[in-house]
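Enquirer: Just so it is clear: in the sequence shown, position 260 is 260 by the UniProt record's numbering, and no numbers are missing. We put the CB at the ideal spot given by N, CA and C, even for glycine. Values in this document were obtained by computation on a predicted structure and should not be read as measured data. Please find one structure pasted underneath; my questions will follow.
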Amino acid sequence: MRRFQQLRKFPFPWSQRANAQDEETSLLIPKGETEEAPASGASVYQGTETKPASQEPDRPSEGEKTSAAAPSAQPRAPDSLADYILKFILLICNLVFTAIGLALLGLGLWGLINKESFAQERIGQLGTDPMLVFVMLGLLLSLLCLTGCVGALRENYCLLRIFSAMVLTMVAAQVLAAILAYSLQDRIVGVLRSGLLTAMVRYQDDLDMRFITDEIQTGLQCCGADNYRDWEINMYYNCSAPGIQACGVPASCCLDPLENGTVWNSQCGSKALELGEFTAQSVIFLGGCLGSMARWIEQHNGLIGTVAVVLLVVQILVLFLTTRLMDKIQWHRAVSRHNTQASRT
């Protein structure tokens, strides 16, 4: 036994090489782990030949495996109260505008169906039907806001990006339209006059034009574009036309179109164009609708400006909230990617 112990203390070349490797690795391993390494290595039995611990690598235990895989399995950080409030406001705004869009869509479809615009004999005039404007506007608004709702609920970055791009386009278009309307006021008046005269010419043949013209004249208490004599351009109200409507104006031009306060008197404006202005003013409105529109805008310019600013602010707020939500989604993705890379290393 003494000879065997003396042989173990003899400085063989391979034992010096193993000691050198242990000294090199000890710089990377804490001191406590180096002291415990022999206990975890191979056992030394007297009288038997043992293998050095450096030749057999240590296998990771179950606890080390789970700790190494923990970063990749880490759950996403829970949303804060501010994130929930952000998502809630974005959802409410989109739901409100979705309801408005569906209402416009329903109104347009009801108008088209009620007038039988889809009938074979009238399908060719569908492109010029005013109700088609409500249908297209309601459809676009509904699809846009539904895209925002689904993107916010599912936190879908692609849908939110499409939604924000469309909202930004709408905001830019509205600002550009406001600038053009302010700088081209004279041309807008000419366009309105042309539109009113066209509606007066088609008054008897187009139910939509009749409805729009009657609502404008009744609401603004006016008659014609510039004055009541503009109705001479209509082939039925012209004084040279045969029939009971010759030299007359529609009932919507009358001061009191309701007979006895209940029954609509469609002949209240009969022969009004033959009367002088002094006599006609006791029966119909003499002023044109263009002047009434200008006065109405001047009286309500504060309300119009407030509504326009509020709508613009709401759209900008929706755009800001959408951008914040997109940034949050990108941040969560970056954290998840970083955790995955850390777990692999």
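With 16 as the cutoff for other CB atoms within 10 Å, does Cys239 come out buried or exposed?
Expert: The residue in question, Cys239, is exposed, as its Cβ has fewer than 16 Cβ neighbours within 10 Å.
Enquirer: Quick one: grab the DSSP three-state call for Asn238.
Expert: Asn238: coil per DSSP, three-state reduction.
Enquirer: Which word fits Gly219, buried or exposed, when buried means at least 16 other C-beta atoms lie within 10 angstroms of its C-beta?
Expert: Under this definition Gly219 is an exposed residue.
Enquirer: Which residues in the same chain as Cys222 place their Cβ atom closer than 7 angstroms to its Cβ, once the five residues preceding and following it in sequence are excluded?
Expert: Result list for Cys222: Phe285, Gly287, Gly288, Cys289, Ser292, in chain order.
Enquirer: Rounded to whole angstroms, what is the Cα-Cα separation between Ile179 and Ile244?
Expert: So the two alpha carbons sit approximately 47 angstroms from each other.
Enquirer: Under the three-state reduction of DSSP, which class applies to Ala138: helix, strand or coil?
Expert: Ala is not the amino acid found at residue 138; the sequence shown has Gly there. Of the three classes helix, strand and coil, the one that applies to Gly138 here is helix, per DSSP.
Enquirer: Compute the distance between the beta-carbons of Leu319 and Ser142, then report whether it is under 9 angstroms.
Expert: Not closer than 9 angstroms, so no.
Enquirer: Bridge partners for Cys254 per DSSP, in chain order?
Expert: BP columns for Cys254 point to Ile284.
Enquirer: So, helix, strand or coil for Asn227, using DSSP?
Expert: Asn227 falls in the strand class under three-state DSSP.
Enquirer: Between which two residues does the alpha helix (DSSP H) harbouring Ile85 extend?
Expert: Segment 81-114, the alpha helix (DSSP H) holding Ile85.
Enquirer: Are the stretch 186-203 and the stretch 263-283 touching, with three or more C-beta to C-beta distances below 8 angstroms?
Expert: No, because fewer than three Cβ pairs between the stretch 186-203 and the stretch 263-283 fall closer than 8 angstroms, the two stretches do not touch.
Enquirer: Helix, strand or coil for Val249, going by three-state DSSP, please let me know.
Expert: Here Val249 sits in coil by DSSP.
Enquirer: With distance defined between alpha-carbon atoms, name the residue in Asn301, Leu132, Leu107, Ala99 nearest to Leu146.
Expert: For the residues Asn301, Leu132, Leu107, Ala99, the minimum Cα distance to Leu146 belongs to Ala99.
Enquirer: If you drop the 5 nearest sequence neighbours on each side, which residues of the same chain put their C-beta closer than 8 angstroms to that of Leu275?
Expert: Taken in chain order, the residues that qualify are Val283.
Enquirer: Would you grab the beta carbon distance between Val314 and Cys93 for me? Rounded to a whole angstrom, and I think it's under 8 angstroms.
Expert: Their Cβ separation, rounded to whole angstroms, is 7 angstroms, which keeps Val314 and Cys93 in contact under 8 angstroms.
Enquirer: Kindly list the residues whose CB is nearer than 8 angstroms to the CB of Leu255, restricted to its own chain and excluding five residues on each side of it in sequence; keep chain order.
Expert: Only Ser282, Val283, Ile284, Phe285 meet the Cβ criterion.
Enquirer: Go ahead and pull the three-state DSSP assignment for Lys31.
Expert: Because the pLDDT of Lys31 is 46, which lies under 50, any placement of that residue in the model is unreliable, and the question is left without a value.
Enquirer: Can you check whether the CB of Arg324 is closer than 9 angstroms to the CB of Leu86?
Expert: Yes, the Cβ-Cβ distance between Leu86 and Arg324 is below 9 angstroms.
Enquirer: Which whole runs of the alpha helix (DSSP H) in the stretch 307-333 are 4 residues long or more, in chain order?
Expert: Qualifying alpha helix (DSSP H) stretches: none in this window.
Enquirer: What do you get for Met136, buried or exposed, if any count of 16 or more other CB atoms within 10 angstroms of its CB means buried?
Expert: Classification of Met136: exposed, given that the 10 Å Cβ count is below 16.
Enquirer: Over what stretch of residues does the alpha helix (DSSP H) that includes Arg187 continue unbroken?
Expert: 185-201 is the span of the alpha helix (DSSP H), which, as asked, contains Arg187.
Enquirer: Helix, strand or coil: how does DSSP classify Pro71 here?
Expert: Note that Pro71 scores a pLDDT of 41, beneath 50, so its modelled location is shaky and nothing firm can be said.
Enquirer: Quick one, are the C-beta atoms of Tyr236 and Ala225 less than 9 angstroms apart?
Expert: The answer is no: Cβ separation not under 9 angstroms.
Enquirer: Would you report the Cα separation of Val133 and Arg161, rounded to the nearest angstrom?
Expert: Approximately 27 angstroms, taken between the alpha carbons.
Enquirer: What residue range is occupied by the uninterrupted alpha helix (DSSP H) comprising Leu290?
Expert: That run of the alpha helix (DSSP H) goes 289-299.
Enquirer: I'd like to know whether the C-beta atoms of Ile316 and Val171 end up nearer to each other than 9 angstroms.
Expert: Yes, these two residues count as a Cβ contact at 9 angstroms.
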